[in-house]
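Novice: Take a look at this one; I'll ask things after.
Structure, rendered in structure tokens:
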């Protein structure tokens, strides 16, 4: 039994790799005889970590970028056509070697952050088409979705999702969008984010009046491309101001990230806090690098409350039972917080109110006992739903080795 794992894996996104870990745990327990390999963003990192073969997701990944931005854009445009042809051949050749191909979680049906049609939307459609042509079962497992405004990306994502053998969603909002767009079938279900299936062994008391602030390399929505740098600068400024407010209120701050790209923002916030701090002793703002979901959980376990933007930083806070506030850039944050019983603790990054943010941190602190109880119950429910989801996945993918997709 040959099983391929496909998608934005090993590329530095901690949440994507956490969802991969959840699927690998399932495969080890239920299908220990499966022979695994990957088509992913970070093949070297995947092979180093798991000792299995991996190839790059896109041919253009291996092309060295030009130093000049204008030259790089020109090269990209010239390479799009050849890259599409090469990736079609590469993906088909890879898919046909498998019995099953799985995309583990992630927001692969979303368009809340900028992406290009020739990136994952196109390559995922090629993967799905090849699955149909070669009789390989393909699965989107607990994925996120959103309404997509760009017509070409919408067509590519919708077509790919309709062609796969099995689909499940991480929340009711994503499932609802899938039904509106004709992607989801009557048997498709929403379970929970795959990270909730991972075991947690951390149990320690957090530092009182400490806040984990999850920052992000945020450049706006797809429609913000012309002013992306300005959006980013404004967001970083808001995070610096927010951390200053927390320090002024006598709290300590630990910076959190959810992707390697976020580290630059975390360091900028720490630098700002150090220049601002006039108290005795070291500045009560810190950042300790980490590269895994376990590392993120370890950091979250040390704080009393969490205010985060990157989706899986929010998940980490909720999973560990920390009173958590989400700074959202898409409906997925609202769906997650509602599912976990904290629908009122979400702010949209585009209308961020720092005064209200500080007030909400105080509210979370005062309601800590009730919130911890609520989150423990909701997290247990997520785990139960995911156990059921893995049973459904197992039935759909492994009752026989080859299948014909139904549309």
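Numbering (full-length UniProt numbering), first residue to last: 1 to 407.
All C-beta atoms, glycine included, are put in the ideal place defined by N, C-alpha and C.
As the structure is a prediction and not an experimental result, all values here were calculated from the model.
(1) Give me, in chain order, the residues of the same chain whose beta-carbon lies closer than 7 Å to that of residue 78; leave out the 5 immediate sequence neighbours on both sides.
(2) Take residue 286 and list the residues in its own chain whose beta-carbon comes closer than 6 Å to its own, dropping the five residues that flank it on each side.
(3) Can you tell me the Cα-Cα spacing of residue 3 and residue 16, whole angstroms?
(4) In terms of residue numbering, what span does the beta strand (DSSP E) encompassing residue 6 cover?
(5) In terms of residue numbering, what span does the alpha helix (DSSP H) encompassing residue 305 cover?
(6) Please state whether DSSP places residue 166 in a helix, a strand or coil.
(7) Run through DSSP, which three-state label would residue 406 get?
(8) May I ask you to report which of helix, strand or coil DSSP gives residue 212?
(9) Could you check what DSSP says for residue 66 in three-state terms: helix, strand or coil?
(10) With distances taken Cα to Cα, identify the nearest neighbour of residue 217 among 229, 41, 206, 207.
(11) Who are the Cβ neighbours of residue 393 in its own chain at under 8 Å, not counting the five residues just before and after it?
(12) With a threshold of 8 Å, are at least 3 pairs of Cβ atoms found where one atom belongs to the region 199-215 and the other to the region 305-313?
(13) Since residue 332 is in the alpha helix (DSSP H), which residue starts that stretch and which ends it?
(14) Count the other C-beta atoms from every protein chain shown that fall within 10 angstroms of the C-beta of residue 66, then say buried if there are 16 or more, exposed otherwise.
(15) What residue range does the alpha helix (DSSP H) around residue 192 cover?
(16) With burial defined as no fewer than 16 other Cβ atoms inside 10 Å of the residue's Cβ, what is the status of residue 332: buried or exposed?
(17) Hey, how far is the Cα of residue 372 from the Cα of residue 330?
(18) For residue 27, report the span of its beta strand (DSSP E) as first-last.
(19) Where residue 258 and residue 306 are concerned, what is the direct C-alpha to C-alpha distance, given to the nearest angstrom?
(20) At which residue ranges does the region 128-155 contain complete beta strand (DSSP E) runs of 3 or more residues, listed in the order of the chain?
(21) Which parts of the region 210-296 are runs of the alpha helix (DSSP H), unbroken and 4 residues or longer, counting only runs that do not cross its ends?
(22) Check the C-beta distance from residue 37 over to residue 52 and give it rounded, since I have them as a contact under 8 Å.
(23) Taking C-alpha atoms, which residue in 191, 147, 318, 384 lies nearest to residue 181?
(24) By Cβ distance, which residues of its chain are closer than 6 Å to residue 323, with the 5 residues on each side in sequence left out?
(25) Among all the DSSP beta bridges, which residues are the ones paired with residue 105?
Specialist: Short version:
(1) Counting from 1 along the chain shown, the entry for residue 78 is found at position 78. In this prediction, residue 78 scores a pLDDT of 49, lower than 50, which makes its location untrustworthy; the coordinate-derived value is nonetheless stated afterwards. Taking C-beta separations shorter than 7 Å and ignoring five residues to either side along the sequence, residue 78 has no partners in its chain.
(2) Working through the chain shown from its first residue, we reach residue 286 at position 286. Counting only Cβ-Cβ distances below 6 Å, and skipping sequence neighbours, we find 254.
(3) For the purposes of this step, residue 3 is identified with residue 3 of the chain shown, where counting begins at 1. For the purposes of this step, residue 16 is identified with residue 16 of the chain shown, where counting begins at 1. Rounded to whole angstroms, the separation of the alpha carbons of residue 16 and residue 3 is 18 Å.
(4) Position 6 of the chain shown, counting from 1, holds the residue named residue 6. Where residue 6 is concerned, the enclosing beta strand (DSSP E) starts and stops at 2-7.
(5) Looking up residue 305 in the chain shown gives position 305. No alpha helix (DSSP H) holds residue 305; the beta strand (DSSP E) holding it covers 305-308.
(6) Stepping through the chain shown from its first residue, residue 166 is reached at position 166. In the structure shown, residue 166 sits in a strand (DSSP, three-state: E or B).
(7) The residue given as residue 406 occupies position 406 in the chain shown. In this prediction, residue 406 scores a pLDDT of 43, lower than 50, which makes its location untrustworthy; no coordinate-derived value is stated.
(8) Numbered from its first residue, the chain shown carries residue 212 at position 212. Reduced to three states, the DSSP call for residue 212 is strand.
(9) To locate residue 66, count along the chain shown from 1; it is residue 66. Bear in mind that the predicted position of residue 66 carries a pLDDT of just 46, short of 50, making it too unreliable to give a figure here.
(10) For the purposes of this step, residue 217 is taken as the residue at position 217 of the chain shown. Measuring from the Cα of residue 217, the nearest candidate turns out to be 229.
(11) Translated into positions along the chain shown, residue 393 becomes position 393. Apart from sequence neighbours up to five positions away, the residues of its chain that approach residue 393 with a beta-carbon distance below 8 Å are 26, 139, 141, 166, 168, ordered along the chain.
(12) The count of Cβ pairs closer than 8 Å, one atom from the region 199-215 and one from the region 305-313, reaches three, so the stretches are in contact.
(13) On the chain shown, residue 332 is found 332 positions in, with the first residue counted as 1. Annotation for residue 332: the continuous alpha helix (DSSP H) segment containing it runs 331-339.
(14) Against the chain shown, residue 66 aligns to sequence position 66. Its pLDDT being 46, under 50, residue 66 is placed unreliably by the model, and nothing is read from it.
(15) By 1-based counting over the chain shown, the position of residue 192 is 192. Note, residue 192: premise wrong, no alpha helix (DSSP H); not H, not E.
(16) The count along the chain shown starts at 1 and reaches residue 332 at position 332. It is buried - the Cβ of residue 332 has at least 16 other Cβ atoms within 10 Å.
(17) As a working mapping, residue 372 is identified with position 372 in the chain shown. As a working mapping, residue 330 is identified with position 330 in the chain shown. Each residue's alpha carbon lies about 25 Å from the other.
(18) In the chain shown, residue 27 corresponds to position 27, counting from 1. It is not in any beta strand (DSSP E) - residue 27 instead sits in the alpha helix (DSSP H) that spans 14-30.
(19) Position 258 of the chain shown holds residue 258. Position 306 of the chain shown holds residue 306. Approximately 13 Å between the Cα atoms of the pair.
(20) Contiguous beta strand (DSSP E) elements confined to the region 128-155 occur at 137-143, taking only those with 3 or more residues.
(21) Secondary structure within the region 210-296: the alpha helix (DSSP H) runs of 4 or more consecutive residues, fully enclosed, are 228-248, 263-276 (chain order).
(22) Numbered from its first residue, the chain shown carries residue 37 at position 37. Numbered from its first residue, the chain shown carries residue 52 at position 52. By a beta-carbon distance limit of 8 Å, residue 37 contacts residue 52. Their separation comes to about 6 Å.
(23) Numbered from 1 along the chain shown, position 181 holds the residue referred to as residue 181. Taking only the C-alpha atoms, the option nearest residue 181 is 147.
(24) Taking the chain shown and counting its residues from 1, one reaches residue 323 at position 323. Excluding residues within five positions, the ones whose Cβ falls inside 6 Å are 305, 364, 368, 371.
(25) Within the chain shown, the letter at position 105 stands for residue 105. In the DSSP output, where bridge partners are listed per residue, residue 105 has none listed.
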